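In what follows, a single structure is set out as structure tokens and then discussed.
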Amino acid sequence: MRKLIETTLMSLDGVVGSPWSWTGSYFDAESRGHALAALDRYDAFLFGRVTYETFAATWSQVRDDAYLNRINAMPKYVASTTLRETTWNATLLKGDVVEEIRRLKQQPGKDLIKYGTGKLDRTLLEHHLVDEIQVWIIPVIVGKGQHLYDAIDPASLKLKLEAQKVFGNGSVLLTYVPER
């Protein structure tokens with residue numbers, strides 16, 4: 001069975017919203033190389049509507065970047081109740097998103113990766129569909145913004161640290177698995 005891996009960038013003070021406005025030089029050659037190699041584990045992306053619309057509008061236009069070229073070529077699934085059509089090699093998940101993602105996880109193939117945070121994350125976590133959470137901590141203080149899992153009941157989510165990687169630029173990638 002495929003796993004669903006959630007990956008997000010987070011500031012030192014816990015902000016996850018609009019990461020490309022504050023990650024700056026921290027997504028350097030070492031970090032990009034690691035992120036590119038990590039894509040070998042996956043054969044499809046899962047997005048909520050907001051992340052999909054943001055990335056499709058910008059990343060789909062890039063042609064000279066190995067990391068984004070890989071992402072652009074991969075199939076994508078979008079969970080949304082308001083979108084009517086997709087582009088960027090994406091399929092709109094229709095109906096019950098929980099059942100649709102369970103179905104995707106049952107299909108043969110490599111693991112699924114999800115970028116972005118929001119309502120979809122809460123649904124996925126509440127239904128125990130996330131198998132691994134990767135939090136890439138960027139050592140900057142943003143101050144205000146969306147925080148990781150704002151609406152999650154802390155008592156309902158117990159995590160076990162599986163791995164950590166420290167990068168030369170001071171960022172840290174932490175990998176957790178939910179304890180069930």
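Heads up, the sequence shown is in my numbering, so the first residue is 1 and it goes up one at a time. Just so you know, even glycine gets a beta-carbon here, dropped at the ideal spot from N, CA and C. Predicted model, so just to flag it, every value in this text is computed and none were measured.
query: Sufficient close CB pairs (3 or more, under 8 Å) joining the region 80-93 to the region 46-66; result: yes
query: Three-state secondary structure assigned by DSSP to Leu174; result: strand
query: Beta-carbon spacing of Ala73, Val97 below 8 Å; result: no
query: Contact set for Trp88: own chain, Cβ-Cβ below 6 Å, skip 5 residues either direction; result: Ala56 and Ser60
query: Beta-carbon gap between Val15 and Gly168 smaller than 8 Å; result: no
query: Where Lys76 falls, given that 16 or more other Cβ within 10 Å makes a residue buried; result: buried
query: Per DSSP, the bridge partner or partners of Val15; result: His147
query: Strand pairing of Ala37, partner residues [DSSP]; result: Per DSSP, none; premise fails for Ala37.
query: Endpoints, beta strand (DSSP E) assigned at Val166; result: Leu159 to Val166
query: Cβ shell of Ser31 (< 6 Å), same chain only, five flanking positions each side left out; result: Phe167
query: Contact belief for Ile138 with Ser11 at Cβ below 8 Å, rounded distance in angstroms; result: 6 Å
query: Residue burial classification, Gly116 (beta-carbon count within 10 angstroms, cutoff 16); result: buried
query: 8 Å Cβ cutoff met for Thr7 and Ile101; result: no
query: Exposure label - Leu9; buried when at least 16 CB within 10 Å; result: buried
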